[in-house]
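Going letter by letter, the sequence shown gives residues 1 to 398 in this note's numbering.
In this text, a Cβ means the ideal position worked out from N, Cα and C, and glycines have one as well.
What you are looking at is a predicted structure, and each value in this text was computed from that prediction instead of being measured.
Data first, discussion second: the structure below is written as structure tokens.
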Amino acid sequence: MSLTDFCQQQLNDLENQNLYRSMKTVDGSQGVYVDVDGKRYLNFCSNDYLGLASDERLIAAAKKGLDQYGFGSGASRLVCGNMTAHQMLEQKIAGLKKAEDCVVFSSGYMANVGLISALIDRNDLVFSDRLNHASIVDGITMSRAKSFRYKHNDMEALCCLLKKSSSTQKKWIITDSVFSMDGDVADLKRIAELAKEHEAHIIVDEAHGFGVLGQNGGGLVEELGLQNEIDLQMGTLSKAAGCFGAYVCGSKSVMDYLRNKARSLIYTTGLPPSVMSAAIEAINIISRSNDRRQKVLKLADDLRQKIKTLGFDTLQSTTPIIPVVVGNEDDALNLSQYLWENNIWVSAIRPPTVPKGSARLRLTVTANHDKEHVDSLINVLKNFKCCHPEQSEGSLFI
Ligand SMILES: *Cc1c(COP(=O)(O)O)cnc(C)c1O
1 MSLTDFCQQQ LNDLENQNLY RSMKTVDGSQ GVYVDVDGKR YLNFCSNDYL GLASDERLIA
61 AAKKGLDQYG FGSGASRLVC GNMTAHQMLE QKIAGLKKAE DCVVFSSGYM ANVGLISALI
121 DRNDLVFSDR LNHASIVDGI TMSRAKSFRY KHNDMEALCC LLKKSSSTQK KWIITDSVFS
181 MDGDVADLKR IAELAKEHEA HIIVDEAHGF GVLGQNGGGL VEELGLQNEI DLQMGTLSKA
241 AGCFGAYVCG SKSVMDYLRN KARSLIYTTG LPPSVMSAAI EAINIISRSN DRRQKVLKLA
301 DDLRQKIKTL GFDTLQSTTP IIPVVVGNED DALNLSQYLW ENNIWVSAIR PPTVPKGSAR
361 LRLTVTANHD KEHVDSLINV LKNFKCCHPE QSEGSLFI
């Protein structure tokens, strides 16, 4: 069979299972409204939680960075691609996080894969929440450590696994702080206690906590005051910070070890310095954006309440990420398509991104949304039953 035929057959299979994925193309910039194929859509699926992706201040900072540093960084950071902008950004993030040191990676995916495979080896034991992000799962696979995926947020299960584990092996607990598809938060206090008891190291992924939680936007770790209990905090600059790239924070020695050992840092070109300039501006804004954080969290509470009233299951969400679980793939696709026809954009999230049987819409709100946007979404969602009467019963409404 030719490669083309093979791939086409696989794609057909995906299509038949309602698991085929394709991209839509946004014309113009990101925001509460986005244009696709000449039509305007109300956007409820971006991770731009603070509404910074198209912020004038970030654009100005990037332009200034372009003038100052040019465009490309020319080489990996260990060769000659480490520029003033990279250095300044790392100091800025370490300051915000109250960490000794920080390393910026090219993306959150690369940070997780790089830090996990550099620090953890085949003799170690890893305890990982079942709903951790794919980049964590891939990093663990690359580390070749023995790994245990505990039931989501189940501290009893984690405790049992730790108790049963050998005392001589190095142990690691890895968790998202805010879970990307459920919008709930990890029990970091309990995780810190368990880690202490069992001499485990902790890695926390703040991809969705950074900028959104904590007095200075440092994330859930900051909100809970656990900076000294967590060995490594990673996060991305591509979500609330509205930029691109990612960071890892920890002690000086651990960060220096990553500079020497993390392959996804060493064997890749440094990010364009103008991206770093924009990120520096984003960190400045984040640290004094408590009003934006309050606004987005309050708006999310409001939306979540209204969605629950319509009879949907939003799981344990407490953040700007609100799952609307419908169960099977075609129900999720139908609901997403129905919203799309009403000029509202919320992507359907299906396996393998979420467990089978928990296909959903993943709604997100940003600080640039207002009550009127939430109300238009609710008004459209409310009419879903009457427009698709065959789906008013069954798995959609719980
Ligand atoms: C988005 C995400 C990442 C990856 O970050 P990118 O910068 O987009 O590569 C890592 N972890 C979690 C939990 C995420 O949601």
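Where the beta strand (DSSP E) containing residue i begins and where it ends
{"i": "residue 234", "result": "232-236"}
{"i": "residue 323", "result": "321-327"}
{"i": "residue 80", "result": "No beta strand (DSSP E) holds residue 80; DSSP gives it neither H nor E."}
{"i": "residue 105", "result": "101-105"}
{"i": "residue 364", "result": "359-364"}
{"i": "residue 40", "result": "39-43"}
{"i": "residue 399", "result": "Here the chain comprises residues numbered 1 to 398, so residue 399 is not present and cannot be evaluated."}
{"i": "residue 204", "result": "200-205"}
Residues near residue i by beta carbon distance below 7 Å, same chain, minus five either side
{"i": "residue 380", "result": "339, 342 and 344"}
{"i": "residue 190", "result": "155"}
{"i": "residue 69", "result": "83, 85, 273 and 274"}
{"i": "residue 38", "result": "none"}
{"i": "residue 179", "result": "131"}
{"i": "residue 5", "result": "none"}
{"i": "residue 76", "result": "266, 267, 268, 269 and 270"}
{"i": "residue 289", "result": "50 and 217"}
{"i": "residue 159", "result": "194"}
{"i": "residue 92", "result": "280 and 283"}
Supposed close pair residue i, residue j - CB separation, criterion 8 Å
{"i": "residue 273", "j": "residue 83", "result": "5 Å"}
{"i": "residue 174", "j": "residue 126", "result": "6 Å"}
{"i": "residue 282", "j": "residue 332", "result": "Not a contact, Cβ separation roughly 32 Å."}
{"i": "residue 171", "j": "residue 200", "result": "4 Å"}
{"i": "residue 323", "j": "residue 182", "result": "6 Å"}
{"i": "residue 94", "j": "residue 249", "result": "6 Å"}
{"i": "residue 336", "j": "residue 361", "result": "6 Å"}
{"i": "residue 43", "j": "residue 239", "result": "About 14 Å; that fails the 8 Å criterion."}
{"i": "residue 130", "j": "residue 151", "result": "6 Å"}
{"i": "residue 98", "j": "residue 227", "result": "5 Å"}
{"i": "residue 195", "j": "residue 243", "result": "Not really, about 31 Å apart at Cβ, beyond 8 Å."}
{"i": "residue 166", "j": "residue 149", "result": "Their Cβ separation, rounded to whole angstroms, is 18 Å, which puts residue 166 and residue 149 out of contact at 8 Å."}
{"i": "residue 259", "j": "residue 114", "result": "With a Cβ gap of about 11 Å, residue 259 and residue 114 do not count as contacting."}
{"i": "residue 73", "j": "residue 268", "result": "With 8 Å as the limit, residue 73 and residue 268 do not qualify as a contact, their Cβ atoms being about 10 Å apart."}
Unbroken alpha helix (DSSP H) run spanning residue i, endpoints
{"i": "residue 401", "result": "As shown, the chain starts at 1 and ends at 398. That puts residue 401 outside it, with no answer to give."}
{"i": "residue 379", "result": "371-382"}
{"i": "residue 239", "result": "Unbroken run through residue 239: none, as it is neither H nor E."}
{"i": "residue 120", "result": "Premise fails: residue 120 is in no alpha helix (DSSP H) and is neither H nor E."}
{"i": "residue 5", "result": "3-16"}
{"i": "residue 189", "result": "188-197"}
{"i": "residue 69", "result": "56-69"}
{"i": "residue 220", "result": "220-223"}
Neighbourhood of residue i by C-beta, 6 Å cutoff - its chain only, sequence neighbours within 5 removed
{"i": "residue 108", "result": "207, 236 and 246"}
{"i": "residue 117", "result": "139, 142 and 143"}
{"i": "residue 292", "result": "50 and 367"}
{"i": "residue 20", "result": "14"}
{"i": "residue 16", "result": "none"}
{"i": "residue 3", "result": "none"}
{"i": "residue 23", "result": "none"}
{"i": "residue 87", "result": "none"}
{"i": "residue 218", "result": "96 and 97"}
{"i": "residue 420", "result": "Shown here, the chain extends from 1 to 398; a query on residue 420 therefore has no answer."}
{"i": "residue 295", "result": "367"}
{"i": "residue 396", "result": "Confidence at residue 396 is low in this model, with a pLDDT of 46, below 50, so the placement of that residue should be treated as unreliable; the coordinate-derived value is given next. Contacts found: 326 and 331."}
Close-in-space but distant-in-sequence residues of the same chain around residue i (CB under 8 Å, 5 per side omitted)
{"i": "residue 26", "result": "34, 35 and 36"}
{"i": "residue 303", "result": "322, 363, 365, 374, 377 and 378"}
{"i": "residue 184", "result": "153, 178, 315, 316, 317, 318 and 319"}
{"i": "residue 307", "result": "314, 322, 324, 363, 378 and 381"}
{"i": "residue 41", "result": "33, 34, 35, 340, 343, 344 and 345"}
{"i": "residue 287", "result": "96, 216 and 217"}
{"i": "residue 257", "result": "118 and 119"}
{"i": "residue 157", "result": "150 and 151"}
C-beta neighbour in chain E for residue i, strict 8 Å
{"i": "residue 82", "result": "This model lacks chain E altogether; it includes just one protein chain."}
Heavy atom of ligand 2 within 7 Å of residue i beta-carbon
{"i": "residue 55", "result": "In the structure shown, ligand 2 is absent; the only ligands present are ligand 1."}
- Item | Residue ranges of each beta strand (DSSP E) within the stretch 130-176, 3 or longer | 146-150 and 171-176
- Any heavy atom of ligand 1 nearer than 6 Å to the CB - residues listed: 107, 108, 109, 112, 133, 135, 176, 180, 205, 207, 208, 236, 238 and 246
- Task: Note down, one range per segment and in chain order, each alpha helix (DSSP H) of at least 4 residues found wholly within the stretch 270-310.
- Result: 273-287 and 290-309
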